Amino acid sequence: MAVAAVTRNYWPDGKCAKAFWSQQEVRPYRRLLRDTLDWCSPAAAERWLDLGCGGGPLTRGLWDRSGGAVAEVVGLDCAAVNERAYARLRAELTPPPRGQVRFVCHDFSGGLGPLPDGSFDHAVSGLSITYAESYSEAEGRWTTAAYDRILAEVFRVLRPGGRFVFSVNVPEPAWWRVAAGSLGALVASGRPLRFLKRSARMMRYGGWLKREARAGRFHYLPAAEVAARLTAAGYAGVEYRVSYAGQAFVFRAVKPRAN
Ligand SMILES: C[S@@+](CC[C@H](N)C(=O)[O-])C[C@H]1O[C@@H](n2cnc3c(N)ncnc32)[C@H](O)[C@@H]1O
Numbered sequence: 008m009a010v011a012a013v014t015r016n017y018w019p020d021g022k023c024a025k026a027f028w029s030q031q032e033v034r035p036y037r038r039l040l041r042d043t044l045d046w047c048s049p050a051a052a053e054r055w056l057d058l059g060c061g062g063g064p065l066t067r068g069l070w071d072r073s074g075g076a077v078a079e080v081v082g083l084d085c086a087a088v089n090e091r092a093y094a095r096l097r098a099e100l101t102p103p104p105r106g107q108v109r110f111v112c113h114d115f116s117g118g119l120g121p122l123p124d125g126s127f128d129h130a131v132s133g134l135s136i137t138y139a140e141s142y143s144e145a146e147g148r149w150t151t152a153a154y155d156r157i158l159a160e161v162f163r164v165l166r167p168g169g170r171f172v173f174s175v176n177v178p179e180p181a182w183w184r185v186a187a188g189s190l191g192a193l194v195a196s197g198r199p200l201r202f203l204k205r206s207a208r209m210m211r212y213g214g215w216l217k218r219e220a221r222a223g224r225f226h227y228l229p230a231a232e233v234a235a236r237l238t239a240a241g242y243a244g245v246e247y248r249v250s251y252a253g254q255a256f257v258f259r260a261v262k263p264r265a266n
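Residue numbers (this note's numbering): 8 to 266.
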């Protein structure tokens, strides 16, 4: 079928997943991580969901910032290879987790099926929910149904009063601005060739992502539209800031407590 041939999704591929493991080396990404974790402000005994977790940089941040006192961090991602990254992460964390940090391989475009209602205190997501995809055979086009579904699904799995902190890319992200902010890391890496190879790989996937966003498959939406969709899904206290060398918004929204 023509649609399937043209529109292969690379995210579940090990190669694509691994290309993003080294994101943390660049300064704009580290800033994004800091901005996101500042709004997470994790505390002891909390249960966290890390959606589209990749190699787990946000999971690591939640663990470190809470001094290992969170009750649970579940990293969820469609790329099975990230299980390996989580195994490594668990071995590196201090204090060492005893079952509190785990990985679930799941495609969130269809929702968060296996996760029970109200099972998390808070949720975090780094540059991921944008990639929830839904194709309407009847209309012959990509739609935003999966994007709205993931907002609704996070709402479902949060307890009342729970926060959803996430980043998403701005419309038509200028990857070169991120690259320009990474030059210091190139010098500091001591292995410039390896660094350039990794960056080139990420830029290639970046080109694919932008093309798909233009086709309506992925969703680099204006901040006002993300805010409107959060409000429509029932969230309150929606706010955002700009980060990642101007190429991402970090959002924070709350599931209201029942009256
Ligand atoms: C840009 S990477 C960000 C990874 C990580 N959050 C970080 O900050 O480094 C996007 C992540 O979203 C995941 N992803 C994309 N589409 C997904 C889907 N439909 N279901 C689950 N994960 C998905 C990818 O596998 C990838 O790990």
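For every residue, glycine included, the Cβ atom is placed at its ideal position computed from N, Cα and C.
Quantities reported herein were computed from a predicted structural model and do not represent experimental measurements.
Going by DSSP, name the residue or residues bridged to residue i.
i, result
"ASP57", "GLY82, VAL131"
"LEU165", "PHE127"
"ALA26", "Note: ALA26 sits in no beta bridge, so no partner."
"CYS47", "Paired residues: none, contrary to the question."
"ALA255", "ASN176, SER250"
"SER260", "Here the sequence assigns Ala to residue 260, which means Ser is not the residue at that position. Beta-bridge pairing links ALA260 to PHE171."
"VAL111", "LEU83"
How is the beta strand (DSSP E) around residue i delimited, first residue to last?
i, result
"GLY244", "243 to 250"
"TRP149", "148 to 150"
"TYR212", "Unbroken run through TYR212 is the alpha helix (DSSP H), 199 to 221; no beta strand (DSSP E)."
"TYR142", "141 to 143"
Do residue j and residue i count as a contact pair if the criterion is CB distance below 9 Å?
i, j, result
"GLY135", "GLY61", "For clarity, residue 135 is Ser in the given sequence; the question names Gly instead. Contact: yes."
"GLY188", "THR43", "no"
"LEU65", "VAL111", "no"
"PHE162", "LEU58", "no"
"ASP155", "ALA222", "no"
"ASP114", "PRO263", "no"
"LEU165", "GLY125", "yes"
"ALA52", "ALA94", "no"
"VAL88", "VAL108", "no"
"ALA72", "PRO49", "The sequence shown places Arg at residue 72, rather than the Ala named in the question. For ARG72 and PRO49, yes; Cβs fall inside 9 Å."
"LEU56", "HIS129", "yes"
"ARG220", "THR137", "The question names Arg, but residue 220 is Ala in the sequence shown. Cβ distance < 9 Å, so ALA220 and THR137 count as in contact."
"GLY147", "ALA86", "no"
"TYR247", "ALA234", "yes"
"TYR96", "GLY63", "Before going further, note that residue 96 is Leu rather than Tyr in the sequence given. A contact, by the Cβ cut-off of 9 Å."
"ALA92", "SER116", "no"
"LEU237", "VAL245", "yes"
"ARG224", "TRP149", "yes"
"ARG289", "TRP70", "It is not possible to answer for residue 289, since the shown part of the chain is limited to 8 through 266."
"VAL261", "GLY168", "yes"
"TYR242", "PHE171", "yes"
"THR14", "TYR142", "yes"
"GLU160", "GLY106", "no"
"GLY191", "ARG34", "yes"
Which residue comes first and which comes last in the alpha helix (DSSP H) that contains residue i?
i, result
"ARG91", "89 to 99"
"PRO64", "64 to 72"
"LEU119", "No alpha helix (DSSP H) contains LEU119, which DSSP labels as neither H nor E."
"GLU3", "One cannot answer for residue 3 here, as it falls past the ends of the chain, which runs 8 to 266."
"VAL185", "182 to 187"
Are the stretch 251 to 261 and the stretch 160 to 179 touching, with three or more C-beta to C-beta distances below 8 Å? yes
Is it a yes or a no for the stretch 203 to 223 touching the stretch 22 to 37, going by three-plus beta-carbon pairs under 8 Å? yes
With contact counted as at least three CB pairs below 8 Å, one residue from each stretch, are the stretch 86 to 104 and the stretch 31 to 40 in contact? no
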